[in-house]
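Residue numbers (UniProt numbering), protein chains in the order written: chain R, 1 to 202; chain F, 1 to 202. Glycine residues also receive a C-beta, built at the ideal position from the N, C-alpha and C atoms. Read the structure below first, then the notes.
Written out as structure tokens, the structure is:
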């Protein structure tokens, strides 16, 4: 039925809906193909635009994901900044930053939406695993100069996702009521241990 | 319309479906009222039996919950056994037990179903928070003779739920591939720190 062109096809750079069309295509493609297999070329094709235009608007696939998921922060900016001073004190810096963002965002926290979605749907779990891996965990791992850096980053992620679930979603009472500095101290030591402590089994 | 009695009303102790009717009523009542507010009396009423019969079959509200959720283990038996030797080494015992159960159960793990449900639905989160609190966290807290025992139990829960989500649901690659003894060593130290280490903020 070629009578009318789909509104998603044949957009020119100036079209006011182009950016939104790219974001819609990205959301759909990321959630079905995962982060790694969703190419900028395929997303551009779905949106009816040239891949160069996607890069012009967003700069990278990671940045496109961040925009599509409406993250308030881009890990490509935040993680290098937290990691830059070196691995000493990185545990506390990560936890201080995370708890600050959590408390600031409240219920509008897209990390919570992503965790809810990932826990409920295997495709969303894959998308989160792949994006987390490239955008955050590989970057944290690159700051670690001891053995098994990516396992260490995964261990950190397991405590951080546990904070999100236990404190923000399950709302365990003492954890929800604890003051932020106490949690930064306790969790900061845990994360630091995962980054730089021993991994052998006793 | 009093023409036919509901099949759920007026059961006698010998009825073969009585136990199932109580479990159905318990599942429905726990998921709408939460664990704490779902009384044995109300569940018995929903199932059309005497509360004494519920206690005769299940022994306690906690045990009824465990049966209704089809847990393979009863925390009322497991937790006291893990806690009994004292708080020394409890971190490693808890993690060793948990990872053993996780690996043994595989995809048929009802803990995963409960986490998925709790993360997706506020009523299920409430049910899990209340059951976890009474059946596990208060018992762990009672073994701790330092300051803020229940906060310490909540901290342990945040790492344990993080292991479930990051390793079993997100399947972070290095975490999923790590050998069990390494994880028992690393997470055992974390849990032990939460149980007996300092809580002050640096």
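### 8 Å Cβ cutoff met for residue 158 (chain R) and residue 91 (chain F)
no
### Query
Could one say the Cβ of residue 98 (chain F) lies closer than 8 Å to chain R's Cβ atoms, at least one of them?
no
### Task
Examine the Cβ distances between the region 81 to 98 of chain R and the region 180 to 195 of chain R and report whether three or more of them are shorter than 8 Å.
Yes, since at least three Cβ pairs between the region 81 to 98 of chain R and the region 180 to 195 of chain R fall closer than 8 Å, the two stretches touch.
#### Entry: Proximal residues of chain R, C-beta to C-beta of residue 159 (chain F) below 7 Å
Result: 159, 162.
### Query
Excluding sequence positions up to five away, which residues of its chain have a Cβ less than 8 Å from the Cβ of residue 151 (chain R)?
199
### Task
Determine the chain F residues that contact residue 128 (chain R) at a beta-carbon separation under 9 Å, and present them in chain order.
Chain-order list of chain F residues neighbouring residue 128 (chain R): 170, by C-beta distance under 9 Å.
### Query
So, using beta-carbon positions, are residue 22 (chain F) and residue 42 (chain F) closer together than 8 Å?
no
### Query
Hey, would you say residue 123 (chain F) sits closer than 8 Å to residue 60 (chain F), going by beta carbons?
Judged by beta-carbon spacing, residue 60 (chain F) lies beyond the 8 Å limit of residue 123 (chain F), meaning their Cβ atoms are not closer than that value.
#### Entry: Interface partners of residue 199 (chain R) on chain F, CB under 8 Å
182, 185, 186
### Message
Strictly under 8 Å for the Cβ-Cβ distance: is residue 154 (chain F) near chain R by that measure?
### Response
yes
### With 16 other Cβ atoms within 10 Å as the buried cut-off, status of residue 146 (chain F)
exposed
### Message
Only counting the same chain, and skipping five residues up and downstream in sequence, which positions put a Cβ closer than 7 Å to that of residue 184 (chain R)?
### Response
92, 95, 96, 99
### Query
What residue range is occupied by the uninterrupted alpha helix (DSSP H) comprising residue 87 (chain R)?
Element bounds for residue 87 (chain R): n/a, residue is neither H nor E.
### Query
Going along the chain, which unbroken runs of the alpha helix (DSSP H) with 4 or more residues stay wholly within the UniProt DNA-binding region "H-T-H motif" (39 to 58) of chain F?
Runs of the alpha helix (DSSP H) lying entirely within the UniProt DNA-binding region "H-T-H motif" (39 to 58) of chain F and spanning at least 4 residues, in chain order: 40 to 47, 51 to 58.
### Message
For residue 109 (chain R) and residue 57 (chain F), what's the separation of their Cα atoms in angstroms?
### Response
The C-alpha of residue 57 (chain F) is placed about 44 Å away from the C-alpha of residue 109 (chain R).
### Query
On the three-state DSSP scale, how would you describe residue 148 (chain R)?
coil
### Message
Using the three-state DSSP reduction, which class does residue 198 (chain R) fall into: helix, strand or coil?
### Response
Note: residue 198 (chain R) maps to coil in three-state DSSP.
### Query
Which runs of the alpha helix (DSSP H), 4 residues or longer, sit entirely within the region 100 to 161 of chain R?
110 to 120, 122 to 132, 138 to 142
### Message
If I follow the unbroken alpha helix (DSSP H) through residue 66 (chain R), where does it start and stop?
### Response
61 to 68
### Message
Cβ closer than 8 Å: which chain R residues qualify as neighbours of residue 234 (chain F)?
### Response
Outside the displayed range of chain F (1 to 202) lies residue 234 (chain F), so it cannot be described from this structure.
#### Entry: Cut-off 8 Å between Cβ atoms - residues of its own chain near residue 141 (chain F), not counting five sequence neighbours on either side
149, 150, 152, 153
### Task
Enumerate in chain order the residues of its own chain whose CB-to-CB distance from residue 7 (chain R) is below 7 Å, with the five nearest sequence positions on each side excluded.
Low per-residue confidence applies at residue 7 (chain R): pLDDT is 47, beneath 50, and the placement is therefore not dependable, though the value from the model is reported in the following sentence. Result list for residue 7 (chain R): empty, nothing under 7 Å.
### Query
Which two residues bound the contiguous alpha helix (DSSP H) that contains residue 169 (chain F)?
Element bounds for residue 169 (chain F): n/a, residue is neither H nor E.
### Task
Please state whether DSSP places residue 73 (chain R) in a helix, a strand or coil.
coil
#### Entry: Three or more C-beta pairs below 8 Å linking the region 168 to 175 of chain R and the region 114 to 128 of chain F
yes
### residue 82 (chain R) versus residue 88 (chain R): straight-line alpha-carbon distance, rounded
11 Å
#### Entry: Residue burial classification, residue 85 (chain R) (beta-carbon count within 10 angstroms, cutoff 16)
exposed
### Message
For residue 165 (chain R) and residue 73 (chain R), I'd like the C-alpha separation in whole angstroms.
### Response
20 Å
### Residues that residue 189 (chain F) contacts on chain R, provided the C-beta gap is smaller than 8 Å
193, 197
### Query
Rounded to the nearest angstrom, how far is the Cβ of residue 135 (chain R) from that of residue 75 (chain R), given a contact under 8 Å?
4 Å
### Query
Helix or strand or just coil, what does DSSP make of residue 178 (chain F)?
coil
### Message
Assuming residue 18 (chain F) and residue 49 (chain F) are in contact, meaning their beta carbons sit under 8 Å apart, how far apart are those beta carbons, in whole angstroms?
### Response
6 Å
#### Entry: Separation of residue 34 (chain F) from residue 130 (chain F), as counted between CA atoms
7 Å
### Where residue 17 (chain R) falls: helix, strand or coil (DSSP)
coil
### Task
Anything in chain R within Cβ reach of residue 104 (chain F), meaning under 7 Å, just list it in chain order.
Within chain R, no residue comes near residue 104 (chain F); the closest Cβ sits about 20 Å away, beyond 7 Å.
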